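Worksheet for the structure shown next.
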Amino acid sequence: MRYKIVTFRCPTPLATRLDRLAESVGRTRNALVIEMIRVFVQQVRRRRGRVLPRYKVADLRRCPCCPEWLGIRDSSPDGAEDA
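Going by my numbering, the sequence shown opens with residue -1, and the numbers climb by one from there.
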(Lines of atoms letter the chains of each structure in order from A and count residues from 1; the text may use other names and numbers.)
(Lines give C-alpha, C1' and ligand atoms only; values in the text may rest on other atoms or scores of the structure.)
Protein backbone atom coordinates (compact mmCIF):
# COMPACT_ATOMS: atom_id res chain seq x y z
CA MET A 1 0.00 0.00 0.00
CA ARG A 2 1.36 3.40 -0.91
CA TYR A 3 0.88 6.58 1.07
CA LYS A 4 1.04 10.07 -0.29
CA ILE A 5 2.99 12.41 1.95
CA VAL A 6 0.87 15.36 3.02
CA THR A 7 2.61 18.69 2.69
CA PHE A 8 1.24 22.18 3.15
CA ARG A 9 2.68 25.05 1.12
CA CYS A 10 1.67 27.71 3.62
CA PRO A 11 0.73 27.59 7.31
CA THR A 12 -3.00 26.91 7.48
CA PRO A 13 -5.15 26.56 10.60
CA LEU A 14 -5.39 22.80 9.92
CA ALA A 15 -1.62 22.46 9.55
CA THR A 16 -1.08 24.37 12.79
CA ARG A 17 -3.52 22.15 14.68
CA LEU A 18 -1.95 19.00 13.21
CA ASP A 19 1.52 20.22 14.18
CA ARG A 20 0.41 20.83 17.77
CA LEU A 21 -1.28 17.43 17.98
CA ALA A 22 1.71 15.66 16.41
CA GLU A 23 4.09 17.37 18.83
CA SER A 24 1.99 16.30 21.81
CA VAL A 25 2.12 12.61 20.79
CA GLY A 26 5.73 12.73 19.62
CA ARG A 27 5.18 12.06 15.91
CA THR A 28 5.54 14.02 12.70
CA ARG A 29 2.55 15.63 11.04
CA ASN A 30 2.74 13.25 8.07
CA ALA A 31 2.85 10.18 10.31
CA LEU A 32 -0.18 11.44 12.21
CA VAL A 33 -2.16 12.02 8.99
CA ILE A 34 -1.24 8.56 7.66
CA GLU A 35 -2.37 6.96 10.93
CA MET A 36 -5.68 8.89 10.80
CA ILE A 37 -6.27 7.63 7.25
CA ARG A 38 -5.54 4.04 8.28
CA VAL A 39 -8.03 4.25 11.16
CA PHE A 40 -10.67 5.74 8.85
CA VAL A 41 -10.18 2.93 6.31
CA GLN A 42 -10.53 0.33 9.06
CA GLN A 43 -13.81 1.90 10.20
CA VAL A 44 -15.16 1.89 6.64
CA ARG A 45 -14.23 -1.78 6.19
CA ARG A 46 -15.94 -2.67 9.46
CA ARG A 47 -19.11 -0.89 8.36
CA ARG A 48 -19.14 -2.89 5.14
CA GLY A 49 -19.15 -6.10 7.15
CA ARG A 50 -15.48 -7.02 6.80
CA VAL A 51 -14.36 -6.99 10.40
CA LEU A 52 -10.61 -6.75 10.71
CA PRO A 53 -8.66 -8.45 13.49
CA ARG A 54 -7.88 -6.25 16.48
CA TYR A 55 -4.23 -5.74 17.18
CA LYS A 56 -2.74 -4.69 20.47
CA VAL A 57 0.37 -2.57 20.90
CA ALA A 58 2.18 -5.70 22.11
CA ASP A 59 1.46 -7.39 18.75
CA LEU A 60 2.90 -4.43 16.87
CA ARG A 61 6.02 -4.44 19.03
CA ARG A 62 6.67 -8.09 18.19
CA CYS A 63 6.33 -7.48 14.46
CA PRO A 64 9.78 -7.11 12.84
CA CYS A 65 8.36 -5.05 9.97
CA CYS A 66 6.73 -2.42 12.22
CA PRO A 67 7.21 1.00 10.56
CA GLU A 68 9.40 3.39 12.51
CA TRP A 69 6.91 6.25 12.19
CA LEU A 70 4.49 4.45 14.50
CA GLY A 71 6.82 5.44 17.32
CA ILE A 72 6.40 2.12 19.11
CA ARG A 73 9.45 0.87 20.98
CA ASP A 74 9.77 -2.51 22.65
CA SER A 75 10.07 -1.20 26.20
CA SER A 76 7.89 -3.75 27.98
CA PRO A 77 9.03 -7.24 28.99
CA ASP A 78 7.63 -10.24 27.10
CA GLY A 79 4.24 -11.27 28.35
CA ALA A 80 3.22 -7.74 29.32
CA GLU A 81 -0.24 -6.91 28.03
CA ASP A 82 -1.00 -3.54 26.47
CA ALA A 83 -4.60 -2.56 25.84
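Using N, Cα and C, we set each Cβ at its ideal position, and we do this for glycine too. All figures in this text were calculated on a predicted structure; none of them were measured in a lab.
Beta carbon of residue i nearer than 7 Å to that of residue j
i	j	result
Arg25	Asp17	no
Leu12	Ala20	no
Proximity test, residue i beta-carbon vs the ligand GTP heavy atom, cut-off 6 Å
i	result
Ala29	Absent from the structure shown: the ligand GTP. Ligands present: none.
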